[in-house]
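Asker: Just dropping this structure here.
Residue numbers (the UniProt record's numbering): 1 to 196.
If you want it as structure tokens, here you go:
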């Protein structure tokens, strides 16, 4: 009886995936992740597009062992690695390349404290600029888990599959990333000094 059940499972068609909704459902999260790794808007957009094209071509090979989101992000990660292999160097955005340099220091008033109204504080563009610089300062492994969990809202199980790490390792990395972000924000937002 068990053999026939196993044979019946083998005869099931692969799970149906709907490419028509990929861009709407996953595009923004994939772009944020790609941009966080590549640091260039155009290259990030191109890499996400390449990922969608690769997924579209390989959709018949999707077995359903993971969610569509996990599968798409795995393809995106491979495309990012391919980008760096082709370039063989990491791109660094320099302020002299036509982009405006971020101010080297900030005169923050004493109103930026942990006890302030969070809703008002989070709406401030300056806060997000500081936060982004703090994320940029994270080591790659910590930034990666932070962006997948907090930025892209992936479930921990999906992140573990995407990165090939254990749940314990994920918890440790998330904890370390949050501590590092807290320390960076404490130094660079909640105190009156400039960005360190």
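Ideal Cβ placement from N, Cα and C applies to all residues, glycine included.
1. Could you give the DSSP three-state label for residue 48: helix, strand or coil?
2. Mind the definition here: the region 133-152 touches the region 168-188 only if three or more C-beta pairs lie below 8 Å; say whether that holds.
3. Restricting to Cα atoms, I'd like to know which of 186, 22, 83, 145 is closest to residue 46.
4. Return the Cβ separation of residue 156 and residue 167 in integer angstroms, given the expectation that the two are a contact with Cβ distance under 8 Å.
5. Hey, quick one: how far does the alpha helix (DSSP H) through residue 156 stretch, first residue to last?
6. With DSSP collapsed to three states, give me the class of residue 190.
7. Could you have a look at residue 62 and say whether DSSP puts it in helix, strand or coil?
8. Could you check where the alpha helix (DSSP H) with residue 126 kicks off and where it finishes?
9. Can you name the start and end residues of the alpha helix (DSSP H) that residue 36 belongs to?
Answerer: Quick look at the numbers:
1. helix
2. yes
3. 83
4. At roughly 6 Å, the Cβ-Cβ gap stays under 8 Å, so residue 156 and residue 167 are in contact.
5. 156-163
6. coil
7. Shown here, residue 62 sits in coil according to DSSP, grouped into three states, outside any helix or strand.
8. Annotation: the continuous alpha helix (DSSP H) that includes residue 126 extends over 125-137.
9. 22-38
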